[in-house]
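K.L.:
In the numbering used here, the protein residues as written are -9 to 372.
Below you can see the structure in the form of structure tokens.
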């Protein structure tokens, strides 16, 4: 567990989290981008036309009222329990701004998306990061985590489910136990939930009055360039968070995309869940066949132990035109994260990693790949 003292502005700027994503000129040159985990079958047919039909002259609805109503109906909630945002990342920042301040404690269950800790630190909170052990496949030790939560009594706890970059999907009782351990608010980031093949219903946890559910639509529907996400929570909390959101945060284009998704794209979501599940299992078996340790991910990406994440990423880009996510900034320097793409693209990745295994001297890498990673890999952020 790492404690991150509240740094000054200069320190915060220097420590901005690192993210995946390949430069446009590399994509135009034919590089295949496995560094970002976006649905390879997106967007659904008709979505682009719905967006292009938007009149750009009026201001967007500042409350995204129609979209919030559609989201509420999909989750069997009231519209005042929904807050639509300019991507899940914007919502992370306004949650931290609304609920945290100097003197507050924040707990991040990691390895995790770095913006949880960064946004919390910007709000003046003392941030503690718990790192799940590699020996368990990065499944958190619940007893250890509960002891930590009881000691820290955080005002806010961040947990991604499935986790990023591990893809670990945690059961309902894990979150019920965390809620019993302390009085603070629990944020469950479910940005990759739509790729889970048998997800449990998390909405009932909102009845505690202390649970916020974060969802992203950019991964599922290929909207990373448009930005769209939403928050589900008790009305009192969503109103408090909404007060910190800038006006007209969600563009008319994004609102039109969201309205299309929640009125016409349910079959597309299920089709992609099934297809990506098949591709994920195929890719995992192929990489394990090369001797790599691969996470038991429920999401549309895999965590792969390659021995040296940064060197592997450079090798794949320069030798095979493949971009992957070096996980050093997650505190996992021996790992890369790879998206699950279409079968032909996944085969290209397998060929590249087979070449990396040979480059690294096969027997030595196989030995490394079959061993769990070290228990403590440092506090790195993403």
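Glycine included, each C-beta is placed from N, C-alpha and C at the ideal position.
Cβ of residue 259 within 8 Å of Cβ of residue 184?
P.N.:
Yes, these two residues count as a Cβ contact at 8 Å.
K.L.:
Roughly how many whole angstroms lie between the Cα atoms of residue 326 and residue 300?
P.N.:
Their backbone Cα atoms lie some 8 Å apart in a straight line.
K.L.:
Look up residue 172 in the DSSP assignment and say whether it is helix, strand or coil.
P.N.:
In the structure shown, residue 172 sits in coil (DSSP, three-state: anything other than H, G, I, E or B).
K.L.:
Based on the DSSP output, what are the partners of residue 312 in its beta bridges?
P.N.:
Paired residue(s): 22.
K.L.:
Quick one: residues in its chain with C-beta nearer than 7 Å to the C-beta of residue 162, no 5 flanking neighbours on either side, listed in chain order?
P.N.:
Closer than 7 Å at the Cβ level, and outside the excluded window around residue 162, lie 190.
K.L.:
Going by C-alpha distance, which of 193, 313 and 164 is nearest residue 130?
P.N.:
Ranking 193, 313 and 164 by Cα distance to residue 130 puts 164 first.
K.L.:
Would you list, in sequence order, the uninterrupted alpha helix (DSSP H) runs of no fewer than 4 residues that lie entirely inside the segment 203 to 274?
P.N.:
Whole alpha helix (DSSP H) segments, 4+ residues: 208 to 211, 225 to 232 and 242 to 254.
K.L.:
Quick one: what's got a C-beta closer than 6 Å to residue 10's C-beta in the same chain, skipping five residues either side?
P.N.:
Taken in chain order, the residues that qualify are 25, 26 and 315.
K.L.:
Does DSSP classify residue 8 as helix, strand or coil?
P.N.:
Here residue 8 sits in coil by DSSP.
K.L.:
Whose CA, out of 37, 252 and 340, lies closest to the CA of residue 275?
P.N.:
The residue with the shortest Cα to Cα distance from residue 275 is 340.
K.L.:
What does the alpha-carbon distance come out to for the pair residue 6 and residue 108?
P.N.:
Their Cα atoms are separated by approximately 7 Å.
K.L.:
Please classify residue 156 as buried or exposed, where buried requires at least 16 neighbouring CB atoms within 10 angstroms.
P.N.:
It counts as buried.
K.L.:
Taking residue 119 and residue 149 to be in contact with their CB atoms under 8 Å, please state how far apart those CB atoms are, rounded to whole angstroms.
P.N.:
Actually they are not in contact, since the Cβ atoms of residue 119 and residue 149 sit about 12 Å apart, beyond 8 Å.
K.L.:
Would you list the one or two residues that DSSP bridges to residue 179?
P.N.:
Bridge partners of residue 179: 150 and 204.
K.L.:
Along the chain, where does the alpha helix (DSSP H) that runs through residue 333 open and close?
P.N.:
First-last of the alpha helix (DSSP H) with residue 333: 333 to 349.
K.L.:
Are three or more beta carbon pairs between the segment 241 to 261 and the segment 27 to 38 nearer than 8 Å?
P.N.:
Yes: the two stretches touch, three or more of their Cβ pairs being nearer than 8 Å.
K.L.:
So residue 61 is in the beta strand (DSSP E); what residue range does that whole segment cover?
P.N.:
Premise fails: residue 61 lies in the alpha helix (DSSP H), 55 to 65, not in any beta strand (DSSP E).
K.L.:
If you pair each beta-carbon of the segment 282 to 294 with each one of the segment 213 to 228, do three or more pairs fall below 8 Å?
P.N.:
Judged by Cβ distances under 8 Å, the segment 282 to 294 makes no contact with the segment 213 to 228, as fewer than three pairs qualify.
K.L.:
Run through DSSP, which three-state label would residue 74 get?
P.N.:
In the structure shown, residue 74 sits in a strand (DSSP, three-state: E or B).
K.L.:
Nearest to residue 321 by CA position, among 124, 160 and 73, is which residue?
P.N.:
Nearest C-alpha to residue 321: 124.
K.L.:
Between residue 139 and the rest of its own chain, which residues show a CB-CB distance below 8 Å, the 5 nearest in sequence each way excluded?
P.N.:
Closer than 8 Å at Cβ, skipping near neighbours: 97, 147, 168, 171 and 172.
K.L.:
What do you get for residue 113, buried or exposed, if any count of 16 or more other CB atoms within 10 angstroms of its CB means buried?
P.N.:
Flag for residue 113 reads buried.
K.L.:
Looking at residue 141: is its Cβ nearer than 8 Å to the Cβ of residue 175?
P.N.:
Going by C-beta atoms, residue 141 is not nearer than 8 Å to residue 175.
K.L.:
Residue 231: which of 49, 86 and 8 sits nearest, CA to CA?
P.N.:
Per the Cα distances, 86.
K.L.:
Using CA atoms only, rank isn't needed, just tell me which of 336, 294 and 332 is closest to residue 310.
P.N.:
It is 336.
K.L.:
Measuring straight from C-alpha to C-alpha, what distance separates residue 222 and residue 187?
P.N.:
Straight-line Cα distance between these residues: approximately 21 Å.
K.L.:
Do you know how far the Cα of residue 23 is from the Cα of residue 17?
P.N.:
Their Cα atoms are separated by approximately 7 Å.
K.L.:
Less than 7 Å between C-beta atoms, sequence neighbours within five positions excluded: which residues of the same chain meet that for residue 364?
P.N.:
Because residue 364 sits at a pLDDT of 31, beneath the cut-off of 50, its placement in the model cannot be relied upon, and the point is left open.
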